[in-house]
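Colleague: Same order as they appear, the protein sequences are chains A and B.
Here the first sequence is numbered in numbering that gives the first Met the number 0, starting from 0 and rising by one per residue.
Here the second sequence is numbered in numbering that gives the first Met the number 0, starting from 0 and rising by one per residue.
There are 2 protein chains.
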Amino acid sequence: MAALTAALPGGRWSTEPSVLAAHATDRSGLPAQGAPAVVVFAEEVDDVRLVLRLAHAHRTPVVVRGAGTGLAGAATATGGEIVLSTARLNRILELSAPDQLAVVQPGVITAELDSAAAEHGLRYAPDPASVAISTIGGNIATNAGGLRCAKYGVTRDSVLGLDVVLADGSLLRTGRRTVKGVAGYDLTGLFVGSEGTLGVVVAATLRLRPVPRSTATLSAHFATVADAAAASSALTAAGLQPAVAELLDGANLEAIDAAQGTALRERGAAWLLVQTDGTGAEAEAALAEDVLTPFARSVRRASDVAEAERLLEVRRLALPSLERRGRVLIEDIAVPRSLLAEAVDEIAAIGRRHDVRVATMAHAGDGNLHPIFGYDGPEVPDAVTRAADEVFRLALRLGGTLTGEHGVGLLKRQWLGDELGEESLALHRRLRTLFDPGGVLNPGKLWSD
Amino acid sequence: MAALTAALPGGRWSTEPSVLAAHATDRSGLPAQGAPAVVVFAEEVDDVRLVLRLAHAHRTPVVVRGAGTGLAGAATATGGEIVLSTARLNRILELSAPDQLAVVQPGVITAELDSAAAEHGLRYAPDPASVAISTIGGNIATNAGGLRCAKYGVTRDSVLGLDVVLADGSLLRTGRRTVKGVAGYDLTGLFVGSEGTLGVVVAATLRLRPVPRSTATLSAHFATVADAAAASSALTAAGLQPAVAELLDGANLEAIDAAQGTALRERGAAWLLVQTDGTGAEAEAALAEDVLTPFARSVRRASDVAEAERLLEVRRLALPSLERRGRVLIEDIAVPRSLLAEAVDEIAAIGRRHDVRVATMAHAGDGNLHPIFGYDGPEVPDAVTRAADEVFRLALRLGGTLTGEHGVGLLKRQWLGDELGEESLALHRRLRTLFDPGGVLNPGKLWSD
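1) For the candidate residues B:Val102, B:Thr75, B:Gly78 and B:Gly65, whose alpha-carbon lies nearest to that of B:Arg87?
2) If distances are taken between C-alpha atoms only, which option among A:Glu345, A:Arg385, A:Glu111 and A:Ala333 comes closest to A:Leu368?
3) If I measure Cβ to Cβ from B:Ala219 and keep anything under 6 Å in the same chain, skipping five residues before and after, which residues do I get?
4) Quick check: is the beta carbon of A:Arg212 nearer than 8 Å to any beta carbon in chain B?
5) Going by DSSP in three states, B:Glu93 sits in which element: helix, strand or coil?
6) Candidates B:Asp46, B:Glu118, B:Ile108 and B:Ser423: which alpha carbon is nearest A:Ala476's?
7) I'd like to know whether the C-beta atoms of A:Val210 and A:Gly120 end up nearer to each other than 8 Å.
8) When the Cα of B:Gly198 is compared with those of B:Phe221, B:Thr173 and B:Ala124, which residue comes out closest?
9) Would DSSP call B:Val82 helix, strand or coil?
10) For A:Leu196, which of helix, strand or coil comes out of DSSP?
11) Could you tell me which chain A residues have their CB closer than 8 Å to the CB of B:Glu283, listed as they occur along the chain?
12) For A:Ser231, which residues from the same chain have a beta carbon less than 8 Å from its beta carbon, with the 5 sequence-adjacent residues on both sides left out?
13) For A:Thr402, go through chain B and note every residue whose CB falls closer than 8 Å to its CB, in chain order.
14) Between which residues of its own chain and A:Ala258 is the CB-CB distance below 6 Å, once the five residues before and five after are set aside?
15) Here's the rule: buried if 16 or more other CB atoms are within 10 angstroms of the residue's CB, otherwise exposed. What is A:Arg90?
16) Count the other C-beta atoms from every protein chain shown that fall within 10 angstroms of the C-beta of A:Ala348, then say buried if there are 16 or more, exposed otherwise.
17) Under 8 Å between C-beta atoms, does B:Pro97 make it to chain A?
18) Check each candidate in B:Ile255, B:Asn142 and B:Pro105 and name the one with the smallest Cα separation from B:Asp162.
19) Whole angstroms is fine: what's the gap from B:Cys148's alpha carbon to B:Asp126's?
20) List, in order along the chain, the chain A residues whose C-beta lies closer than 9 Å to that of B:Gln104?
21) Going by DSSP, which residues form a beta bridge with A:Ile108?
22) Can you find a CB in chain A that lies within less than 8 Å of the CB of B:Pro377?
23) Here's the rule: buried if 16 or more other CB atoms are within 10 angstroms of the residue's CB, otherwise exposed. What is A:Gly79?
24) Quick check on the DSSP output: the beta strand (DSSP E) that includes B:Leu246 runs from which residue to which?
25) Name the chain A residues whose beta carbon is nearer than 9 Å to that of B:Glu422?
26) Does the beta-carbon distance from A:Arg48 to A:Leu234 come in below 8 Å?
27) Do B:Leu112 and B:Ala202 have their CB atoms nearer than 8 Å?
28) Under 8 Å, Cβ to Cβ, is there at least one residue of chain A near B:Pro293?
29) For A:Leu415, decide whether its Cβ has a neighbour in chain B, counting only Cβ atoms nearer than 8 Å.
30) Residues of the stretch 37-70 of chain B in Cβ contact with chain A at a cutoff of 9 Å, in chain order, please.
31) Any C-beta of chain A sitting closer than 8 Å to the C-beta of B:Pro209?
32) Among residues of its own chain, excluding the 5 on either side of A:Pro370, which ones have a beta-carbon nearer than 6 Å to its beta-carbon?
33) To the nearest angstrom, how far is the alpha carbon of A:Ala54 from that of A:Gly183?
34) Would you mind telling me which residues of chain A sit closer than 7 Å to B:Pro335, beta carbon to beta carbon, in chain order?
35) Within 10 angstroms of its Cβ, does A:Pro293 collect 16 or more other Cβ (buried), or is it exposed?
36) Alpha carbon to alpha carbon, how far is B:His405 from B:Val63? Give it in angstroms, no decimals.
As structure tokens, then:
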């Protein structure tokens, strides 16, 4: 601490209890397990290097955080560590329209990059629900997904290269500025999604893509989730790849109705929002309408951009509406697309069995489901924990994963070995030790030490 | 050798000189540096495990190969090693249309997977030029690219998960069957493109995609390469993402004319072949035609599929036509897209400076250039080596890479450190040692030991 505070310029660190508390948790709902010793607000790459050099020398744990919007507890404090905030490293260093790329610092808010790109007719494709408040660094640390992933890929697919400060404070450059390149191992991919355990990203070269020329939006209501899932599978079978295919079950619709005064649930027990884009948007929407109609109670094409935006807003209101009823635990499994209906039905059955509220929303295009468990009181009840455990086991039984886009952090670390297997988990441990022999980078996350 | 031949069923290995010679080189043009001791034709996963266990125990080098169509010498023998062929591990284990995926053994020919997928209206998107003769295992080992990469991604983007036999003979499963998943590190990405140095792929779960509903094809001739490159940049600036955008320079056109009796060169010193696809194919081709016209001497839209196929065939004839003139050394740099014209012009200047024949073809949509050096006689002349060296330095100077899609192997290992830097190369070495402490997997490839 003495070495750290002596070496850092004033104003770049704090031990104020209110500041420590504000930087001790993320949005997973997990309480901090202890207060950090200090929060460092890096303003230069050298601040990051200094922190890691000292942490490495003194074997002090470091928890890196962006905006703290993570949903798995990867940025949650465990007590006595240095919290290293990259929020002030928030400059867009370069934006090249001809090369359709940007070089940014990790603290740039994702939506701000997207806005800057929009001035050139471009966009940053990954769109996690937190896009307005999360940082690129956090997106990279969790390999964040979003609504448009099925068509445009996840964060990994938009990261061309990284500047990373390693555990000993040294600086590594990975990847490249070109779209393609196969010189050496894919270190970029190794850092993306590593949840702060392999290094600290201090700059990222990101791919930008053209804003689609047009979009078309469909809203379809179904009698059952099974019908909606079958309709979604039929879209896939018809060779259609919508940019967005969002499924809400009846419990979501009831919550939205109660909170927003809408009357969605009476139209059916499942809702599917489909958006096509590109030069073929209209043609694809017409095809999609034909495909959905036999399965649906109603299918409506948004008549204009304003109506489409209102429909997307309804989707975005699902979580806030559920949160009005009490606290929530947000899960994030993914299953092979053909098993979407089975997964949603099983999740509902698990909720009934444990007598807990559960609503499921899904990125139907890629089989990623968010079961949202509701509960009252400050602590997660045992029944919810048991239900969540069953959901993870369901995901693995269906050949899926316990996390499609949120990450493992603290929240899912006890199940990681079940998914990966012992051989893979042992290799993960060896890899982590290779990058961080002193064990200072986010210890206790991904698995317990 | 005794242990190996005793344990393997008869017919699964050979020490015949003709067999050894046939499995000692790839298509890079590099001569074998020595004869392998034995070629093993694995027919079961256990054969692979056995070979690696014995090799690990006896510290015998193992060179894995699929069809031997590599262009960088990664499968070239250096003398005395076990060549492990995966060509007989050639079954498609599963093909799921609802989940749009296939599980295949490494020896499956890429085009055969594509054909099998086509029966379900699907395709395997990556299309290296070798698609008809190369294997999926080889494609994965090199992270192979192709013509459609700019829109559909490289091999990495179609690999969901892998079964890998590690250096000690143990079996590792990576990735998943779901489109999305972030549980643990991206080991799948680490193996893809590792050129046989980290493990042996024995099964791959691959993403399939719908065959586009339609395609539209444009053929444009330009006075200069600079005009063609400017036109290609204009397509990008217009927000268009063709599935194919292939550029041939005047030297290519002359070679095709000489070999095929065409009259392409007289229409201009550069040719651009553009193909759009999907429901918006026609609309995008119309937009592309408008964008190209101001830069071009002529732009023609193919009137039907047969004409489009003939145009693609012309592109495919470029390399065989150059090969009619003598031996070729195929390079594979990539540069930021905005520097395409500068790269092509510089490559031509390098050829003039060293008085060597060079023709450049480019995947213009992603800035990947293949300078093809021509020479006579059995050995690569010093002038060609010097010219190639200058091309690599050009790529790095322009912020590019020395290999966009072919890999490093033996051919480019002396330049890898220049691209990666010492810090990264040292990390690469440590990673390789972690996966293969005995150094049996393809030693001497990527860098010299």
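Glycine included, C-beta positions come from ideal geometry on N, C-alpha and C.
Modeller: To lay it out plainly:
1) Within the second sequence, residue 87 of chain B is the residue found at index 88, counting from 1. Of the listed residues, the one whose Cα sits closest to B:Arg87 is B:Gly65.
2) Along the first sequence, one-based indexing puts residue 368 of chain A at 369. Closest option to A:Leu368, Cα to Cα, is A:Ala333.
3) Counting from 1 along the second sequence, the entry for residue 219 of chain B is found at position 220. Leu271, Leu291, Ala295 and Val298.
4) The count along the first sequence starts at 1 and reaches residue 212 of chain A at position 213. Closer than 8 Å to some Cβ of chain B, the Cβ of A:Arg212 qualifies, so yes.
5) Residue 93 of chain B sits at position 94 when you count from the first residue of the second sequence. Strand.
6) Because chain A in this structure spans residues 0 to 448, residue 476 of chain A falls outside the shown range and cannot be described.
7) Here the question's residue 210 of chain A lines up with position 211 in the first sequence. Here the question's residue 120 of chain A lines up with position 121 in the first sequence. A contact, by the Cβ cut-off of 8 Å.
8) Counting from 1 along the second sequence, the entry for residue 198 of chain B is found at position 199. Of the candidates B:Phe221, B:Thr173 and B:Ala124, the one whose C-alpha sits nearest the C-alpha of B:Gly198 is B:Thr173.
9) Taking the first residue of the second sequence as 1, we reach residue 82 of chain B at position 83. Looking at B:Val82 - three-state DSSP - the assignment turns out to be strand.
10) Mapped onto the first sequence, residue 196 of chain A falls at position 197. Per the sequence shown, residue 196 of chain A should be read as Thr rather than Leu. Coil at A:Thr196, not helix or strand.
11) Against the second sequence, residue 283 of chain B aligns to sequence position 284. Within chain A, the residues near B:Glu283 are Thr278.
12) Here the question's residue 231 of chain A lines up with position 232 in the first sequence. Closer than 8 Å at the Cβ level, and outside the excluded window around A:Ser231, lie Ala244, Leu246, Leu271, Arg336, Leu339, Ala363 and Gly364.
13) For the purposes of this step, residue 402 of chain A is taken as residue 403 along the first sequence, with counting starting at 1. Per Cβ cutoff of 8 Å: Gly180, Val181 and Ala182.
14) For this step, residue 258 of chain A is matched to residue 259 along the first sequence. So the list reads Ser320 and Arg323, once near-sequence residues are dropped.
15) The count along the first sequence starts at 1 and reaches residue 90 of chain A at position 91. Label assigned to A:Arg90: exposed.
16) Position 349 of the first sequence, counting from 1, holds the residue named residue 348 of chain A. Under this definition A:Ala348 is an exposed residue.
17) Position 98 of the second sequence, counting from 1, holds the residue named residue 97 of chain B. Closer than 8 Å: yes.
18) The residue given as residue 162 of chain B occupies position 163 in the second sequence. Here the closest residue by C-alpha is B:Pro105.
19) For the purposes of this step, residue 148 of chain B is identified with residue 149 of the second sequence, where counting begins at 1. For the purposes of this step, residue 126 of chain B is identified with residue 127 of the second sequence, where counting begins at 1. The alpha-carbon atoms of B:Cys148 and B:Asp126 are separated by roughly 8 Å.
20) Locating residue 104 of chain B in the second sequence gives position 105, where the first residue counts as 1. By Cβ distance, chain A contributes nothing, its closest Cβ being about 19 Å from B:Gln104, past 9 Å.
21) Stepping through the first sequence from its first residue, residue 108 of chain A is reached at position 109. In the DSSP output, where bridge partners are listed per residue, A:Ile108 has A:Thr134.
22) Walking along the second sequence from the start, residue 377 of chain B turns up at place 378. It does not: the Cβ of B:Pro377 has no partner Cβ on chain A nearer than 8 Å.
23) For the purposes of this step, residue 79 of chain A is taken as the residue at position 80 of the first sequence. Its Cβ having fewer than 16 others within 10 Å, A:Gly79 is exposed.
24) Numbered from 1 along the second sequence, position 247 holds the residue referred to as residue 246 of chain B. Counting along the chain, the beta strand (DSSP E) containing B:Leu246 begins and ends at Val243 to Asp248.
25) One-based indexing of the second sequence puts residue 422 of chain B at position 423. The contacting residues are Leu165, Ser169, Leu170, Leu171 and Arg172.
26) Residue 48 of chain A sits at position 49 when you count from the first residue of the first sequence. Residue 234 of chain A sits at position 235 when you count from the first residue of the first sequence. In this structure, the beta-carbon distance from A:Arg48 to A:Leu234 does not fall below 8 Å.
27) Indexing the second sequence from 1 puts residue 112 of chain B at position 113. Indexing the second sequence from 1 puts residue 202 of chain B at position 203. Taking a C-beta distance under 8 Å as the contact criterion, B:Leu112 and B:Ala202 do not qualify as a contact pair.
28) Counting from one through the second sequence, the residue named residue 293 of chain B turns up at place 294. Cβ-Cβ to chain A under 8 Å: no for B:Pro293.
29) By one-based count along the first sequence, residue 415 of chain A stands at place 416. A:Leu415 counts as touching chain B.
30) none
31) Here the question's residue 209 of chain B lines up with position 210 in the second sequence. With 8 Å as the cut-off, B:Pro209 counts as an interface residue toward chain A.
32) Locating residue 370 of chain A in the first sequence gives position 371, where the first residue counts as 1. Cβ within range, chain order: Glu330, Ile346, Val357, Thr359 and Val390.
33) Mapped onto the first sequence, residue 54 of chain A falls at position 55. Mapped onto the first sequence, residue 183 of chain A falls at position 184. Rounded to the nearest angstrom, the two C-alpha atoms are 30 Å apart.
34) Along the second sequence, read from residue 1 onward, the residue named residue 335 of chain B stands at position 336. Against chain A, a Cβ distance below 7 Å from B:Pro335 picks out Asp98, Arg176 and Thr177.
35) Residue mapping note: residue 293 of chain A aligns to position 294 of the first sequence, counting from 1. Counting Cβ neighbours within 10 Å, A:Pro293 comes out exposed, since fewer than 16 surround it.
36) Here residue 63 of chain B is taken as the residue at index 64 of the second sequence, counted from 1. Here residue 405 of chain B is taken as the residue at index 406 of the second sequence, counted from 1. Going from the Cα of B:Val63 to the Cα of B:His405 covers about 16 Å.
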